[in-house]
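2 protein chains.
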Amino acid sequence: MKLLEDRIRRDGTVIGTDVLKVDNFLNHQVDPDLMQAMGAEFYRQFHDANITKILTVESSGIAPALATAMEFHVPMVFARKHKSLTLKDDLYTANVFSFTKQTSNTIAIAHKFLSADDRVLIIDDFLANGQAVKGLTEIIADAGATLVGAGIVIEKTFQKGRQMLDEQGVRVVSLARIAAFADGQVVFADEQDAE
Amino acid sequence: MKLLEDRIRRDGTVIGTDVLKVDNFLNHQVDPDLMQAMGAEFYRQFHDANITKILTVESSGIAPALATAMEFHVPMVFARKHKSLTLKDDLYTANVFSFTKQTSNTIAIAHKFLSADDRVLIIDDFLANGQAVKGLTEIIADAGATLVGAGIVIEKTFQKGRQMLDEQGVRVVSLARIAAFADGQVVFADEQDAE
């Protein structure tokens with residue numbers, strides 16, 4: 000998605016060898032017009048798949064997932080990373096390890112919000128090692144729901160997540176695919192392919 | 000907002016004497032069409048106020064705040080409750096005590112996303128004791144920005160938050176105002192007024 004690649008080039012900051020900071024339009028400050036455009040693109044890619052539910056993980060996934068749900072007019076459910084006092088129902092849970100934060104979280108979705116009738120599109124901001132998406136796929140399997148695919152805002156092709164999902168036969172649509180960071184600059188997969 | 004009051008009556012669950020669970024359309028499963036309608040209503044109320052930024056707190060505030068930002072076409076910034084490795088800039092911080100969870104959090108917004116030129120609309124899912132909004136107003140004051148008002152999805156008029164904001168002269172627009180819980184049912188303020 001050119002709009003997103005241009006935005007990453009302009010406003011993204013590469014830190015070290017594998018971190019891309021996009022906190023000025025995606026995961027701290029959020030550009031609503033960009034979210035809307037991304038939601039429309041995910042809809043274009045998955046609109047014929049009879050999606051009944053959009054799933055993501057708090058917090059950074061919520062904005063792109065809501066924008067996508069607005070296009071599909073289906074509910075969005077965000078997995079919570081810890082239980083609150085007002086969330087005591089039976090829960091589907093999965094463990095998610097964050098390489099960035101070096102911590103492990105339990106993510107949880109209430110049973111009542113995911114059923115065997117659901118056809119689910121996962122939306123997330125990043126696909127790197129794929130731990131968050133993996134946790135959501137486990138929850139979807141537990142619920143007996145159908146995983147239709149995963150819509151990713153930014154994929155790092157050089158980390159393990161994409162390969163893992165390909166091996167599971169999950170259809171993945173990534174709006175920007177980053178192949179490498181070179182000299183503090185982002186190299187997109189389509190540029191690398193063109194070389 | 001009748002659409003929201005009807006939804007609370009239909010899908011909200013009263014727990015004990017002061018907790019309203021709305022996890023099937025607002026803060027776990029999210030109804031995107033309702034979010035859009037709420038965003039449009041906040042726009043209607045504040046569109047002439049030259050808003051430059053929408054502020055909220057992760058995670059439950061993000062969906063209504065994004066929907067509102069989509070109407071205004073201005074950036075939405077969500078305060079983070081804990082620092083991540085990719086967020087090392089200078090931060091505005093405030094302490095927020097959650098009566099529901101009985102825990103205290105630090106919320107933080109990067110300096111670069113809030114300036115003295117900003118005219119800020121706070122959006123949040125609940126106004127009860129007002130601690131989250133209070134934290135955001137402190138951050139807005141630290142940044143020298145202008146607080147234009149607060150748009151609240153559900154206000155509990157019988158807790159202290161509204162009075163605190165009124166005393167500070169903050170313009171508050173609440174889409175649903177709950178005056179009491181009686182026999183497990185919600186009593187809205189406009190119903191009580193009518194009695």
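Residue numbers (numbering that gives the first Met the number 0), protein chains in the order written: chain A, 0 to 194; chain B, 0 to 194. Glycine included, each C-beta is placed from N, C-alpha and C at the ideal position.
Whole angstroms are fine: how far does the CA of residue j sit from the CA of residue i?
i	j	result
M163/B	G168/A	54 Å
D141/B	F112/B	13 Å
Y186/B	A175/B	Per the sequence presented here, residue 186/B reads as Val, with Tyr not at that position. Between V186/B and A175/B, the C-alpha separation is close to 10 Å.
A48/B	A144/B	14 Å
Q44/A	F41/B	31 Å
N94/B	F77/B	15 Å
S59/B	M34/B	12 Å
E166/A	A131/A	16 Å
I121/B	I138/B	11 Å
L3/B	I106/B	28 Å
L25/A	V56/B	15 Å
L90/A	H27/B	12 Å
L86/A	D189/A	Because the pLDDT at L86/A is just 49, under 50, the model does not fix this residue reliably, and the value given afterwards should be weighed accordingly. Cα-Cα distance, rounded: 43 Å.
P74/A	D32/B	9 Å
V29/A	D116/A	33 Å
I177/A	G150/A	15 Å
A109/A	Q191/A	42 Å
T12/B	V18/A	42 Å
K20/B	A36/A	32 Å
K82/A	S97/A	Per-residue confidence for K82/A stands at a pLDDT of 47, beneath the threshold of 50, marking its modelled position as unreliable; no derived number is given.
I53/A	T67/A	8 Å
T99/B	D5/A	42 Å
Q184/B	D10/A	49 Å
I153/A	M0/A	10 Å
L84/A	L65/A	Caution applies to L84/A, whose pLDDT of 36 falls short of 50 and renders its modelled position unreliable; the model cannot decide the point.
S114/A	H72/A	18 Å
N23/A	D182/B	46 Å
T92/A	S103/A	13 Å
D159/A	P63/B	The identity of residue 159/A in the sequence shown is Lys, whereas the question assumes Asp. Taking the straight line joining both Cα atoms gives about 34 Å.
M69/A	I7/A	24 Å
I61/A	R161/B	27 Å
T136/A	Q101/A	21 Å
Please list the terminal residues of the continuous alpha helix (DSSP H) segment that includes residue i.
i	result
I61/B	61 to 71
K1/B	1 to 10
F174/B	Here residue 174/B turns out to be Leu, not Phe, going by the sequence shown. Unbroken run through L174/B is the beta strand (DSSP E), 171 to 181; no alpha helix (DSSP H).
Q167/A	Careful: Q167/A lies outside any alpha helix (DSSP H) and carries neither H nor E.
Could you check which residue in the options has the C-alpha nearest to that of residue i?
i	options	result
G15/B	L25/B, F180/B, E190/B	F180/B
H46/A	G148/A, S173/A, G160/A, K159/A	G148/A
V172/B	L126/B, E57/B, A107/B	L126/B
G134/B	D89/B, G38/B, E154/B, K80/B	K80/B
G38/A	F157/A, D124/A, D165/A	D124/A
T156/B	D182/B, R170/B, G129/B, S97/B	G129/B
I50/B	M0/B, R118/B, D182/B	R118/B
L146/B	R170/B, G160/B, K159/B	R170/B
Pull the bridge partners of residue i from the DSSP assignment, please.
i	result
T55/A	F77/A
K155/A	I177/A
Q28/A	V76/B
I50/B	Its beta-bridge partners do not exist; DSSP assigns none.
Give the range of the beta strand (DSSP E) segment to which residue i is assigned.
i	result
K20/A	18 to 20
L90/A	90 to 97
F187/A	184 to 187
For this session: Could I get the ranges of all uninterrupted beta strand (DSSP E) runs contained in the stretch 104 to 150 of chain B, with 3 residues as the minimum, in chain order?
Result: 118 to 126
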